[in-house]
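Residue numbers (the working numbering), protein chains in the order written: chain A, 40 to 792; chain B, 223 to 362.
Where a beta carbon is used, it is the ideal one built from N, C-alpha and C, also for glycine.
Values in this document were obtained by computation on a predicted structure and should not be read as measured data.
Working notes, beginning with the structure itself.
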């Protein structure tokens, strides 16, 4: 570092952003987002109803991914027509609201991976988001939560699952720190998710065979960790083939369990088999493969590869682009926004925004409903810490991100109920015996650091017993009912009964209000403004209902608390109409109409009398003669100050609003061209007001004092105070009377300053 | 039965009387009281192949041919026990089978013992491709 380095770089170095490491673009080493020289040219040859060549590779040379795509994804009847359409033309159709989704989906059945990647590559980020909103399969957006903790504590899992359900997550996903704890986690989350309402789909991510067994025991309702890869080398190292994964997909269907596959940019790069191809092209192969396998959907958008994808130029755009290909291929899309790709909160917010406004089948796959350190998948883009920020983003943009705010009382009640229910089940099945102390610690804890509950070893014992004894969801339903948790028993049973019809195996299925909603009965019908998903009045009210909102009553209540104290500190005696003064040292202090009458507290939390007293004493200390006048014709700081100055013997006046905004004015100046102004009332101290008074006295003498500057640390004062400001100021203006004369006020300060 | 279409979805709402578990128990017999009376086992909570075939028809009607094919394979696997499914899944993973014959034998089991002809053909296809791509190789 050189000594004359601009200090700003040191500032930037200290920001969380700089913990992120960025990669140089290097297609030969796989670091290219949307395009690489090694990406094949889109092409197809159909001979005798079969694909003879795809993206430059002859059938005889197909690797197993090519072969699977050519056999099962590409429709030879559509391919020649679809591939003949220029890429730019297709790109324009994607953002043309008059071209129906169904027509684009039909054409996708004839498009090769290279063509799909080329087409979406023509779209900028805004166009991708718009096309995504038009092309996603189900109309109503949804969201998924992670529910895990660092101890695999079943009590906390149940309580947190109940909270996730109450927040409105359509799916919850758990996994474990210790692989053998999967059964315990599954049982705990299944019980927790049955508290409050039914219909939240649940999965327990674990080793393939065990995950399927847990599903067969009825604890879970879906699976999504069936990973596929875009290069043969990565696929084989992932220990699967398209055929083994497709077989697994059929196995899940055969047990009535919803399933989606998983893929995301960067996986091949991290696994060392990128073939020097772009992230997007490899991902297009994965997605065509998934449609070919016949899975209803995909968890897609970087996923574990999101951080490395976000390290290259265009990385975030690539993640959006691959999600667009997924929905264009008519797959349900759980659109990533999970693995935390950055330490920068700005990048986090920017990453989520297009999905929030465009909507998605599952916006996050999933969001951490628990704290970062409790997330056994690793932290998500948005976590328990920031979840409320997300609720506010929904409210800001009137966008349905799938969640609904919850209040403190209902959260506590739900946690208690979930803890009682899981404890009852553990006891009834003789799996464990939680103490009241354990329950109490979990009920209050934000995360597992604050609990005194089961440990991973305890969970291991519970898990082993569930498996060894062949405990199924039927036993759990019975245990719940036996202990009086009939509603939870009904909810859990309703969830497993859903399997029989297979309705929720269809594309983009979730359960809302006891009904399966999918791309079949809730298809995305977007065709421009007024169509597609809209936030209706009821939903809007839910989204708007965040906690701790201010209204006039609340503001007046907090003012009223100060009223009594203020009555003991100062008395304002009205002496009738004020007249112009004459003394050359006079400084008139013009207070606002509600000052000490209806408003008693400044934005900085001082009593208004303390502020006024500081100004008065400051004027005196500066050798001036203070005189207080109450204005009734205006509440505006500038006009308070100028009116005061016009009445002042020295021509110097001070304007003082009850909320604390203050100005020094001179009789000859324009209203908004003052001598000194304290515009940041919330950070203005009594000392500042004292010095302001002294400066006013100095101006009266004809001196040139150093202006008083209230230092700011860059607080977003508008965000913190403007609701209160507007409500307070309305009270001031409400008391103004046109043409009312200023009133002489004698102020008696009581007690010590 | 007439093949259901998009308008018949969801089956649980349009044909609740026809939805039956693999055990034959009708969906509306799966009640909490029945559970408490000990009348419900996990077999009564298993999807039947007929429901999967109906969902396949709905998926086809909605333009999702590949999803329909998967439901068809799933219908085939309904009758196949868990351990057989997991065994064949494992065999399909790279390097598990050391020769094409092992996969062909698995396909025969599916076809002959469980009547799962569609899945059997799928496994046979895998055997061909694995041989072409050299997947019968040592992995661990």
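Taking the alpha-carbon positions, what's the residue i to residue j distance?
i, j, result
"residue 453 of chain A", "residue 131 of chain A", "49 angstroms"
"residue 152 of chain A", "residue 210 of chain A", "30 angstroms"
"residue 76 of chain A", "residue 365 of chain A", "23 angstroms"
"residue 761 of chain A", "residue 346 of chain A", "38 angstroms"
"residue 54 of chain A", "residue 340 of chain A", "26 angstroms"
"residue 172 of chain A", "residue 297 of chain B", "33 angstroms"
"residue 635 of chain A", "residue 650 of chain A", "11 angstroms"
"residue 306 of chain B", "residue 245 of chain B", "20 angstroms"
"residue 254 of chain A", "residue 294 of chain A", "8 angstroms"
"residue 786 of chain A", "residue 708 of chain A", "28 angstroms"
"residue 623 of chain A", "residue 688 of chain A", "5 angstroms"
"residue 776 of chain A", "residue 632 of chain A", "9 angstroms"
If I follow the unbroken beta strand (DSSP E) through residue i, where does it start and stop?
i, result
"residue 576 of chain A", "Segment 576–583 is the alpha helix (DSSP H) holding residue 576 of chain A; no beta strand (DSSP E) there."
"residue 787 of chain A", "782–788"
"residue 616 of chain A", "609–616"
"residue 297 of chain A", "297–302"
"residue 166 of chain A", "Premise fails: residue 166 of chain A lies in the alpha helix (DSSP H), 164–174, not in any beta strand (DSSP E)."
Just to confirm, is the Cβ distance from residue i to residue j under 8 angstroms?
i, j, result
"residue 288 of chain A", "residue 333 of chain A", "yes"
"residue 440 of chain A", "residue 208 of chain A", "no"
"residue 481 of chain A", "residue 458 of chain A", "yes"
"residue 127 of chain A", "residue 323 of chain A", "no"
"residue 290 of chain B", "residue 545 of chain A", "no"
"residue 728 of chain A", "residue 654 of chain A", "yes"
"residue 630 of chain A", "residue 669 of chain A", "yes"
"residue 409 of chain A", "residue 182 of chain A", "no"
"residue 812 of chain A", "residue 336 of chain A", "With chain A running from 40 to 792 in the structure shown, residue 812 of chain A is simply not present."
"residue 342 of chain A", "residue 301 of chain A", "yes"
"residue 609 of chain A", "residue 648 of chain A", "yes"
Between which two residues does the alpha helix (DSSP H) holding residue i run?
i, result
"residue 793 of chain A", "Since the first residue shown for chain A is 40 and the last is 792, residue 793 of chain A is missing from the structure and cannot be characterised."
"residue 213 of chain A", "Unbroken run through residue 213 of chain A is the beta strand (DSSP E), 210–213; no alpha helix (DSSP H)."
"residue 137 of chain A", "Per DSSP, residue 137 of chain A belongs to no alpha helix (DSSP H) and is neither H nor E."
"residue 678 of chain A", "676–686"
"residue 436 of chain A", "426–436"
"residue 695 of chain A", "Run containing residue 695 of chain A: none in the alpha helix (DSSP H); it sits in the beta strand (DSSP E), 691–695."
"residue 403 of chain A", "First-last for residue 403 of chain A: undefined, no H or E at that position."
"residue 768 of chain A", "756–774"
"residue 362 of chain A", "354–367"
"residue 307 of chain A", "306–310"
"residue 251 of chain A", "247–255"
"residue 86 of chain A", "Residue 86 of chain A -> not in any alpha helix (DSSP H); beta strand (DSSP E) instead, spanning 83–86."
Measuring CA to CA, which of the options is closest to residue i?
i, options, result
"residue 626 of chain A", "A/767, A/340 and A/659", "A/659"
"residue 89 of chain A", "A/530, A/116, A/72 and A/64", "A/116"
"residue 536 of chain A", "B/297, B/359, B/251 and B/355", "B/251"
"residue 243 of chain A", "A/261, A/232 and A/231", "A/261"
"residue 129 of chain A", "A/170, A/100 and A/97", "A/170"
"residue 620 of chain A", "A/541, A/676, A/579 and A/706", "A/706"
"residue 310 of chain B", "B/349, B/274 and B/277", "B/349"
"residue 421 of chain A", "A/434, A/447, A/375 and A/533", "A/375"
"residue 589 of chain A", "A/321, A/738, A/541 and A/758", "A/758"
"residue 690 of chain A", "A/720, A/739, A/646 and A/724", "A/739"
"residue 133 of chain A", "A/147, A/101, A/122 and A/57", "A/147"
"residue 401 of chain A", "A/600, A/520, A/384 and A/377", "A/377"
"residue 273 of chain A", "A/57, A/303 and A/285", "A/303"
"residue 186 of chain A", "A/357, A/199 and A/179", "A/199"
"residue 605 of chain A", "A/639, A/522, A/612 and A/617", "A/639"
"residue 335 of chain B", "B/345, B/301 and B/351", "B/301"
"residue 80 of chain A", "A/92, A/360, A/516 and A/593", "A/92"
"residue 594 of chain A", "A/578, A/617 and A/642", "A/642"
"residue 443 of chain A", "A/581, A/227 and A/747", "A/581"
Listing by chain order, which chain D residues have their CB less than 7 angstroms from the CB of residue i?
i, result
"residue 278 of chain A", "The structure shown contains no chain D; its protein chains are A and B."
With 7 angstroms as the limit, tell me which residues of the region 251–276 of chain B have their beta carbon closer than that to any beta carbon of chain A; keep them in chain order.
252, 254, 257, 258, 262, 263, 264, 267, 268, 269, 273 and 274
Residues, ordered as in the chain, of the region 285–298 of chain A that lie near chain B by beta-carbon distance below 8 angstroms:
285, 286, 287, 288, 289, 290, 291, 292, 293, 294 and 295
Please identify, using Cβ separations under 9 angstroms, the residues of the region 287–302 of chain B that lie next to chain A, in order along the chain.
287, 288, 289, 290, 291, 292, 293, 294, 295, 296, 297, 298, 299, 300, 301 and 302
Under 9 angstroms (Cβ pairs) to chain B, residues found in the region 543–555 of chain A:
543, 544, 545, 546, 548, 554 and 555
For the region 319–341 of chain A, list every residue whose C-beta sits within 8 angstroms of some C-beta in chain B, in sequence order.
330, 331, 332, 333, 334 and 335
Between the region 325–351 of chain B and chain A, which residues of the former have a C-beta closer than 8 angstroms to a C-beta of the latter?
341, 344, 345, 347, 348 and 351
Against chain B: residues of the region 127–159 of chain A by CB proximity under 9 angstroms
141, 144, 145 and 148
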